[in-house]
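Student: Chains as they are written, first to last, in my numbering: chain A, 35 to 257; chain B, 16 to 316.
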Amino acid sequence: MIDFQNVAYNYGGGELLTDISLRLPPGSFHFLTGPSGAGKSTFLKLCYGELHPTAGRVTVDDGDLRSLTRDQVAALRRRIGVVHQDCQFLDHLPVAENIALPLTATGHPVDREDLSALMGWVGLMPLAQHLPPQLSGGERQRAALARAVIMSPDVILADEPTGNLDWDMSLRLLTLLIELNKMGKTVLIATHDLNLIRSAKSQVPVRVLRIRDRRLQLAGSDL
Amino acid sequence: MTRPLRPLIDLLAGDRTADRIVPPTGFTARLTSFTAGAMAFLVVFALALSVAAGRMAERWSDALAQTATIRISAPAAQMQAQTDKVLAILKETPGVAAARALSDDEQKKLLEPWFGPDLPLDALPVPRLIDVRETATGFDADGLKNRLAAEVPGAVLDDHTRWRRPLVAAADRLRLLGLMSILLIGGATAAMITLAANAALAANAQVIRVLRLIGSRDSYIARAFVRRFTLRALSGAAAGTLAGMGAIALMPATDQAGSFLTGLGFQGLGWLLPLLVPPAAALVSFAATRGAALATLRRLT
Ligand SMILES: Nc1ncnc2c1ncn2[C@@H]1O[C@H](COP(=O)(O)OP(=O)(O)OP(=O)(O)O)[C@@H](O)[C@H]1O
Ligand SMILES: [Mg+2]
Numbered sequence: 035m036i037d038f039q040n041v042a043y044n045y046g047g048g049e050l051l052t053d054i055s056l057r058l059p060p061g062s063f064h065f066l067t068g069p070s071g072a073g074k075s076t077f078l079k080l081c082y083g084e085l086h087p088t089a090g091r092v093t094v095d096d097g098d099l100r101s102l103t104r105d106q107v108a109a110l111r112r113r114i115g116v117v118h119q120d121c122q123f124l125d126h127l128p129v130a131e132n133i134a135l136p137l138t139a140t141g142h143p144v145d146r147e148d149l150s151a152l153m154g155w156v157g158l159m160p161l162a163q164h165l166p167p168q169l170s171g172g173e174r175q176r177a178a179l180a181r182a183v184i185m186s187p188d189v190i191l192a193d194e195p196t197g198n199l200d201w202d203m204s205l206r207l208l209t210l211l212i213e214l215n216k217m218g219k220t221v222l223i224a225t226h227d228l229n230l231i232r233s234a235k236s237q238v239p240v241r242v243l244r245i246r247d248r249r250l251q252l253a254g255s256d257l
Numbered sequence: 016m017t018r019p020l021r022p023l024i025d026l027l028a029g030d031r032t033a034d035r036i037v038p039p040t041g042f043t044a045r046l047t048s049f050t051a052g053a054m055a056f057l058v059v060f061a062l063a064l065s066v067a068a069g070r071m072a073e074r075w076s077d078a079l080a081q082t083a084t085i086r087i088s089a090p091a092a093q094m095q096a097q098t099d100k101v102l103a104i105l106k107e108t109p110g111v112a113a114a115r116a117l118s119d120d121e122q123k124k125l126l127e128p129w130f131g132p133d134l135p136l137d138a139l140p141v142p143r144l145i146d147v148r149e150t151a152t153g154f155d156a157d158g159l160k161n162r163l164a165a166e167v168p169g170a171v172l173d174d175h176t177r178w179r180r181p182l183v184a185a186a187d188r189l190r191l192l193g194l195m196s197i198l199l200i201g202g203a204t205a206a207m208i209t210l211a212a213n214a215a216l217a218a219n220a221q222v223i224r225v226l227r228l229i230g231s232r233d234s235y236i237a238r239a240f241v242r243r244f245t246l247r248a249l250s251g252a253a254a255g256t257l258a259g260m261g262a263i264a265l266m267p268a269t270d271q272a273g274s275f276l277t278g279l280g281f282q283g284l285g286w287l288l289p290l291l292v293p294p295a296a297a298l299v300s301f302a303a304t305r306g307a308a309l310a311t312l313r314r315l316t
C-alpha cells in the first residue's frame, strides 16, 4: 500500500536519499538497515508524511501524501502505528493513559482487559501508573510499541524498537510484531540488530532493505 | 440548517478525556481569568457611561428640540400690551410654528419647586413667559433678537436649542467614546488571550506534536486549548461583570434633576445589557484561542 516513486530527500544540504522506488505491499514484513546517519529515520518519516520528498512522490493507497488535507493526514496516521526513535509521550499522563491515547484521542472506548493484556506482554503492568519521565530507555521503547499497536493499525513502522532492550525482551516485542503481521498487518522495522533480523527470518518471510550510498538496496543472503 | 455556534456549544459541553491531554497550567489560568474579569469590569463602566450619555443626549434634544422661550419683564400695566406685541411679531416671523403665553397657573407650577405653592404671582414682578415652537427649519434667532430689542425692549429671547446644542453634541460624543472604549477593551482582551494562548501552545509543543503524530485532528487538539481559555474568560468575565454591576448599583440614586454624575447607571431593562459581557468575553476568547491554535498547528506536518 505504501509506494515510493523515484523519491529523493535532503534536509537542505546535500542529498540524503536518492532515487528510491519501493512498494510495501499489504501484509509484508520488512527490515531496514544501514549505518547510523544513513537516513533510516528519515525514510520512515517519509512513509507517514511527517516529511515530504524533495523529488518524486510517496503514495499511500494510491493517494499522494502531499495532496492530502490535514484531516486526511490525521485519518491516515490512525492506520499507521509508529514507534519513534525518540519515543515522545505526554509527560503529565501515566503510562497506561499514554498507551491508550490513540484510542481516547480519537473517541474510541478503551477496553481495560485488552490494555492490560498488551501492557502485560511488553512487561509494563507494574509501571502502569508511572509517568513517562520516570521510565528507563527500554521501558519507553516498550511503551511506544504498545501505543503504536493499540489501534490495531494496518501498518506498523518501528524505528529501533529494541535498541535499548535485552535479548529476551527484544524477542517478546518481535513476537508481537510477527503475530500482528500474521494477522495481515504490514510491518517495517528499522534496526541495526542482525540477530533480530535472523530470528524473524526463521519465523516469517521477510525482506531486508539496506540504505547504502543514498540508495535503497535489497540486502542479500549475507544476513 | 447551518449552526455556526455548534463548535462553541460542543466545546462548552466538554469532553473529559480531551481536557486531560493538556497539562494543567494553574498560574496562566488565573492570569487569564483575572484579565477577563478586569476587562469585564471596565466594559460595564464604559457601557454605563454610554447608556447614561445616550439617555442624556436624548432627553436634552427631545425636551428642548425646536423650542425657545421669550421672557417679558415689564411694569404690570404694560405687561399685556407687550405680550400681545411679541405674539404679533412672532406671528410674522418665518420659522415660528406656534407661540403661546404661559398662563399664570402654568408659571406658578414652574416656580413652585423653588418658591413653594403659596406664591402670590400677581404681587411679584415675575416675568411673563412665551413658549415658542419652531418649525423644522427654525427661525433666525439673531434677527428676532434685534427686532424684539427695537420694538419690545422688555422682551428677551432665551434660545435653549442654541446653547444646549453643544451639550447634546458632547453627550453624543461621550456615548461614542464609551462605545469605542468597549471595542478597544474587546480588542485588548483578544490580544491578551492570544498571547496567553500562544504561550500555552509553545509550552505544550511536545504534547501537540505527539497528538498530531498519533492521528488527532487539528480541531480536537485545538479544542483542548480553546475550551480552557473560553471557560476561564467566561468565569473571569462573569465575576468582573457582577462586580461592575454591583459598583454601579451602589452609586448614589438619581435625583429629580437627574444630573450626569448621579445618572450614571442602568435603568429597568438596561440592567440586562451588562449580562451580555461574559458571553461576549467567551466568544472573543474562543475566536482568539482557536485562531492561535490553528495557526500553530498549521506549522506542523
Ligand atoms: N531535522 C534535520 N535537519 C537536518 N539534518 C537532519 C535532520 N534530521 C536528520 N538529519 C541528518 O540526516 C541524516 C540522516 O538522519 P536519520 O535520522 O534519518 O539517520 P538514521 O539512519 O535514522 O540514523 P540512526 O541509525 O543513528 O538513527 C543524519 O546525518 C542527520 O544528521
Ligand atoms: Mg534513526
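Even for Gly, the Cβ is constructed at its ideal location relative to N, Cα and C.
Pull up the distance between the alpha-carbon of Leu288 of chain B and that of Leu46 of chain B, whole angstroms please.
Tutor: Straight-line Cα distance between these residues: approximately 26 Å.
Student: Express the C-alpha separation of Asp174 of chain B and Leu321 of chain B in angstroms, rounding to a whole number.
Tutor: Any answer about residue 321 of chain B is impossible in this case: the structure gives chain B only from 16 up to 316.
Student: With respect to 7 Å, is the separation between the Cβ of Gln119 of chain A and the closest non-hydrogen atom of ligand 1 below this value?
Tutor: Result yes, Cβ under 7 Å from ligand 1.
Student: What did DSSP end up calling Met16 of chain B once you bin it into helix, strand or coil?
Tutor: Here Met16 of chain B scores only 48 on pLDDT, less than 50, and its place in the model is too uncertain to base an answer on.
Student: Check Ile229 of chain B in the structure and name its three-state DSSP category.
Tutor: Reduced to three states, the DSSP call for Ile229 of chain B is coil.
Student: So that I know if they touch, is there some Cβ in chain A lying closer than 8 Å to that of Thr316 of chain B?
Tutor: Chain A, which has a Cβ nearer than 8 Å to the Cβ of Thr316 of chain B, makes this yes.
Student: Mind checking whether the beta-carbon of Asp193 of chain A lies closer than 7 Å to any heavy atom of ligand 2?
Tutor: Flag set: Cβ of Asp193 of chain A near ligand 2.
Student: For Pro166 of chain A, count neighbouring Cβ atoms within 10 angstroms of its own Cβ and tell me buried if that reaches 16, exposed if not.
Tutor: That one is buried.
Student: Between Ile4 of chain B and Val111 of chain B, is the Cβ-Cβ spacing less than 8 Å?
Tutor: Outside the shown range of chain B, which is 16 to 316, sits residue 4 of chain B, and nothing can be said about it.
Student: Kindly list, in the order they appear in chain B, the residues whose Cβ is closer than 9 Å to that of Arg24 of chain A.
Tutor: Absent from the structure is residue 24 of chain A, since the part of chain A shown begins at 35 and ends at 257.
Student: Identify the residues that DSSP records as bridge partners of Phe244 of chain B: which are they?
Tutor: Bridge partners of Phe244 of chain B: none, in fact.
Student: Rounded to whole angstroms, what is the Cα-Cα separation between Leu179 of chain A and Val107 of chain A?
Tutor: Going from the Cα of Leu179 of chain A to the Cα of Val107 of chain A covers about 21 Å.
Student: What's the C-alpha gap between Phe281 of chain B and Ala264 of chain B?
Tutor: Spanning the two alpha carbons is a distance of roughly 8 Å.
Student: Using the C-alpha atoms, what's the distance from Asn229 of chain A back to Arg244 of chain A?
Tutor: Answer to the nearest angstrom: the Cα atoms are 16 Å apart.
Student: Skipping 5 residues on each side, what residues in its chain have a beta carbon closer than 6 Å to that of Arg227 of chain B?
Tutor: So the qualifying residues of the chain are Leu315.
Student: Would you call Tyr45 of chain A buried or exposed, if buried means 16 or more other Cβ atoms sit within 10 Å of its Cβ?
Tutor: Its Cβ having fewer than 16 others within 10 Å, Tyr45 of chain A is exposed.
Student: To be precise: take each residue of the stretch 103 to 117 of chain A, compare its Cβ to all Cβ atoms of chain B, and keep it if any distance is under 9 Å. Which residues remain?
Tutor: If the cut-off is 9 Å between Cβ atoms, the stretch 103 to 117 of chain A has Arg104, Asp105, Val107, Ala108, Ala109, Leu110, Arg111, Arg112, Arg113, Ile114, Gly115 and Val116 near chain B.
Student: Any contact of the stretch 185 to 200 of chain B with the stretch 57 to 67 of chain B, i.e. 3+ C-beta pairs under 8 Å?
Tutor: With a cut-off of 8 Å, the stretch 57 to 67 of chain B and the stretch 185 to 200 of chain B count as touching, because enough Cβ pairs lie within range.
Student: Can you list, in chain order, the residues of the stretch 121 to 132 of chain A whose Cβ is nearer than 9 Å to any Cβ on chain B?
Tutor: Against chain B - using a Cβ distance shorter than 9 Å - the residues of the stretch 121 to 132 of chain A are Gln122, Phe123, Leu124, Asp125, His126, Leu127, Glu131 and Asn132.
Student: Please classify Gly255 of chain B: is it buried, with 16 or more other beta-carbons within 10 angstroms of its beta-carbon, or exposed?
Tutor: Gly255 of chain B should be labelled buried.
Student: Could you run through the stretch 35 to 63 of chain B and flag, in chain order, every residue whose CB is less than 9 Å away from some CB of chain A?
Tutor: Within the stretch 35 to 63 of chain B, the qualifying residues are Arg35, Ile36, Val37, Pro38 and Pro39.
Student: May I have the straight-line CA-CA distance separating Glu194 of chain A from Thr209 of chain B, to the nearest angstrom?
Tutor: Taking the straight line joining both Cα atoms gives about 40 Å.
Student: Is the beta carbon of Ile223 of chain B closer than 8 Å to that of Ala139 of chain A?
Tutor: It is not a contact, given that the beta carbons lie outside the stated cut-off.
Student: Taking the CB atoms as reference points, tell me whether Met54 of chain B and Ile200 of chain B lie closer together than 8 Å.
Tutor: Yes, these two residues count as a Cβ contact at 8 Å.
Student: Confirm, please, whether the CB-CB distance from Ile104 of chain B to Leu163 of chain B is below 8 Å.
Tutor: Going by C-beta atoms, Leu163 of chain B is nearer than 8 Å to Ile104 of chain B.
Student: Suppose only complete runs of 3+ residues qualify. What are the beta strand (DSSP E) ranges in the stretch 111 to 156 of chain B, listed by chain order?
Tutor: With a minimum length of 3 residues, the continuous beta strand (DSSP E) runs that stay inside the stretch 111 to 156 of chain B are 111 to 116 and 143 to 149.
Student: Taking 7 Å as the cut-off, is the C-beta of Gly71 of chain A nearer than that to any heavy atom in ligand 1?
Tutor: Within the cutoff, so yes.
Student: Given that a residue counts as buried once 16 or more other Cβ atoms are within 10 Å of its Cβ, and exposed if not, what is Gln271 of chain B?
Tutor: Note that Gln271 of chain B scores 49 on pLDDT, short of 50, meaning its location in the model is unreliable and no value can be drawn from it.
Student: Do Arg248 of chain A and Thr52 of chain A have their CB atoms nearer than 8 Å?
Tutor: Closer than 8 Å, so yes.
Student: Inspect the CB distances between the stretch 202 to 222 of chain B and the stretch 232 to 244 of chain B and report whether three or more fall short of 8 Å.
Tutor: They touch, by the three-pair rule.
Student: Ligand 2 and Ser75 of chain A: does the residue's C-beta get closer than 7 Å to at least one heavy atom of that ligand?
Tutor: Yes, since a heavy atom of ligand 2 falls inside the 7 Å radius drawn around the Cβ of Ser75 of chain A.
Student: Could you pull the start and end residues of the alpha helix (DSSP H) that Phe77 of chain A belongs to?
Tutor: Unbroken alpha helix (DSSP H) run through Phe77 of chain A: Lys74 to Cys81.
Student: Would you grab the beta carbon distance between Leu158 of chain A and Arg176 of chain A for me? Rounded to a whole angstrom, and I think it's under 8 Å.
Tutor: The Cβ separation is near 6 Å, so the contact holds.
Student: According to DSSP, what are the bridge partners of Thr52 of chain A?
Tutor: DSSP, once it has assigned bridges, lists no residue as partnering Thr52 of chain A.
Student: Where does Gly131 of chain B land, buried or exposed, given buried means 16+ other C-beta within 10 angstroms?
Tutor: When all chains shown are included, Gly131 of chain B counts as exposed.
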